[in-house]
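Numbered according to UniProt numbering, the sequence shown spans residues 1 to 115. We put the beta carbon where it would ideally sit given N, CA and C, even for glycine. Notes for the one structure printed next.
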Amino acid sequence: MDYRSLGKRLRQERHKMHLTQEKLAEKIEVSDAYIGQIERGERSLSLETLVKLANQLGVTVDYLLHDSIEINDDHFLNQINQIMIHRSPKEKQLALDTIKMIFTHLDDMQSDKDS
C-alpha cells in the first residue's frame, strides 16, 4: 500500500475543495492531527475512514488508491465485464463495435506516425 501517494491525493483533493485539515477532520469526525498524518503517509486508515474521505471530497476510493492498485490485463477485462454484465445483447454489441472503432483509429494513427 502506497500511503504517501494516497496522502498526496487526499491533500490535493482537500485543497481543490478549499478545506483546511481541521474542517475536513470535523466533517468526518476525526482529529486534524490524524488527517495530517494520513496526508504525510505516516498513518494507515480504516476502510470506513477512507470511504468517508472519498465521499466528503467527491472522489472515488479507486481514484485515491490508484497508485496502490496493480493494473494488468485481467484488471481491465474484469472492469469491462462488470460494465457489460447487465447490458442487453444489443448494448454489448454497440460497445464492442465502439471499442473496435477506437482501436482501428489508434492503429491508423500509429501507421501514419511510423510512415
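Candidates the options, of which the one nearest residue i by Cα
{"i": "residue 132", "options": "Arg11, His75, Met84, Ser88", "result": "In this structure the chain extends from 1 to 115, so residue 132 is not present and cannot be described."}
{"i": "Ala25", "options": "Leu47, Tyr34, Lys90", "result": "Tyr34"}
{"i": "Ile99", "options": "His86, Ser111, Leu77, Ser115", "result": "Leu77"}
{"i": "Gly58", "options": "Arg9, Met109, Asp2, Ser111", "result": "Arg9"}
{"i": "Arg14", "options": "Arg43, Asn55, Met1, Asp2", "result": "Asn55"}
{"i": "Leu50", "options": "Lys16, Tyr3, Leu106, Leu96", "result": "Tyr3"}
{"i": "Asp74", "options": "Gln82, Asp67, Lys92", "result": "Gln82"}
{"i": "Met1", "options": "Lys16, Asp114, Glu70", "result": "Glu70"}
Close beta carbons around residue i, own chain, < 7 Å, minus the five adjacent residues each side
{"i": "Leu65", "result": "Leu6"}
For residue j and residue i, believed in contact at Cβ under 8 Å, the rounded distance
{"i": "Asp32", "j": "Glu39", "result": "10 Å between Cβ atoms; not a contact."}
Beta-carbon contacts of residue i that lie in its chain and below 6 Å, excluding the five residues immediately before and after
{"i": "Gly36", "result": "Gln21"}
Residue i burial status per 10 Å Cβ neighbour count (16 or more: buried)
{"i": "Glu48", "result": "exposed"}
heavy atom of the ligand FMN below 7 Å from residue i C-beta
{"i": "Leu64", "result": "Although the ligand FMN was asked about, the structure shown includes no ligands whatsoever."}
CA-to-CA distance, residue j to residue i, given in whole angstroms
{"i": "Ala95", "j": "His105", "result": "15 Å"}
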